[in-house]
Ligand code: GDP
Ligand code: IMO
Ligand code: MG
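Residue numbers (the numbering used here): 2 to 423.
Rendered as structure tokens:
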């Protein structure tokens, strides 16, 4: 079998968690391939909302094996909290969750370094979730990191102390107060509880599954425009969020990738700093924020909102080789007489472009196409044909501009608010 990949095409929070949860029943395995507890994936069913950070969004389905791949960075403390919370909800993960030995560990000092670095940046801060993501990936590429597999080694403490000392030396260069003792104690306790899970060589496991004709879904975190290489650098995360990241983060050959599901919101949101050409700082933006309940699942910060950006979406489709689009949150736009879609940009130098530029701060203003709003509640619909004509036109316009079919349309946070088109 081929590895199917589901990922975000914008700046994160596209609704990946919900869609993975919906798809999960069709799969044998769900695997996370990058990112860490900076992710906040919301799932909703039975009128209860669940938010996952480290744990793959397949966990609410029985008989699904969940894998945390080598590309992920794992905070044992946050992981333990998630496991406990799930246990209270009657979900026991011991037999259906495996963690790659090659996944890197987030240390308490990584989180402190994240905070110190952001605080030193002042106005140019990234707006990080402060979960230690950047410093942990820096240690990974700097070849200093501590991995899950190290927990099994006899000199784990020494390795930890060596890395901690390096971090303390770095922290001495910042004017930043911190205390470590309590955090360290909690961290080592959480590391102990991590041992109850299977530490695996996940690249072998995933390839074995594929070889046995088992279906595997790779679950992305963040979004394409936060990719370390292709996002709006430096306002990005520290991993490759694009489809190629699934190959790296799970050890699967590109030739074994099958469907690539690209999830996007019917509008755009961004949390944290960085360019956002179609951002609306007016009443329309606030309307999207309120209607869409656009507050971060991990940090609670308000998300910036704006119209759909097609050059950005086409860029993401190209980078990921998207084969099917999944559109979420169109229900949020149900109160507009007209809606806008960005089809290009007027640049500061007077030129007009249709592609996503190197420096998005050079965009003077977006070029918009105005479309009729659907002005109707679409949240209860079951079939595409039932939906208002203006809405169907919006979808067809996106399909025409991207050349990709919108296969699924999500019309609400819950599992069953979903329309399978065609
Ligand atoms: P993720 O990080 O991509 O998994 O997305 P988040 O969970 O951070 O943010 C998406 C938010 O939108 C969550 O609160 C979801 O419950 C909610 N959501 C997902 N799909 C829809 C939808 O189609 N309509 C509405 N109104 N909310 C949705
Ligand atoms: P999910 O998986 C939205 C943003 C942060 C910040 C930047 C860097 O829920 O879509 P980091 O903590 O990685 O150093 O932050 O990236 N960011 C996200 N925004 N959704 C996410 O994940 C995000 N993970 C990180 O707000 O701007
Ligand atoms: Mg999220």
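We treat Cβ as the ideally placed atom computed from N, Cα and C, and that holds for glycine. Predicted model only: the values in this text are computed from it and were never measured.
Applying the 10 Å Cβ sphere with the 16-neighbour rule, what's the burial state of residue i?
i	result
residue 70	buried
residue 66	buried
residue 144	exposed
residue 118	buried
residue 123	exposed
residue 411	buried
residue 18	buried
residue 338	exposed
residue 210	buried
Using 6 Å as the cut-off, classify the Cβ of residue i as near or not near the heavy atoms of ligand 1, replying yes or no.
i	result
residue 333	yes
residue 414	yes
residue 43	yes
residue 17	yes
Straight-line CA distance for residue i to residue j?
i	j	result
residue 260	residue 328	16 Å
residue 270	residue 403	19 Å
residue 23	residue 138	31 Å
residue 13	residue 76	20 Å
residue 214	residue 420	28 Å
residue 287	residue 281	8 Å
residue 74	residue 390	45 Å
Just verifying my parser: in three-state terms, what is the DSSP assignment at residue i?
i	result
residue 381	coil
residue 182	helix
residue 44	strand
residue 10	coil
residue 305	strand
residue 278	coil
residue 237	coil
residue 339	strand
residue 310	strand
residue 213	coil
residue 299	coil
residue 2	coil
Any chance the CB of residue i is under 6 Å from a heavy atom of ligand 2?
i	result
residue 229	no
residue 406	no
residue 130	yes
residue 40	yes
residue 74	no
residue 222	yes
residue 22	no
residue 140	no
residue 272	yes
Between residue i and the rest of its own chain, which residues show a CB-CB distance below 6 Å, the 5 nearest in sequence each way excluded?
i	result
residue 8	221
residue 113	179
residue 111	133, 136, 137
Using a Cβ-Cβ cut-off of 7 Å (strictly less than) and excluding sequence neighbours within five positions of residue i, which residues of its own chain qualify?
i	result
residue 109	181, 184, 185, 188
residue 240	35, 36, 72, 138, 229, 246
residue 78	187, 188, 191
residue 233	226, 275, 276, 361
residue 224	9, 10, 11, 12, 13, 15, 242
Can you list, in chain order, the residues of its chain whose CB lies under 8 Å from that of residue i, leaving out five sequence neighbours each side?
i	result
residue 364	276, 278, 346, 347, 348, 349, 358
residue 61	22, 25, 44, 46, 51, 92
Less than 6 Å separating the Cβ of residue i from some heavy atom of ligand 3?
i	result
residue 298	yes
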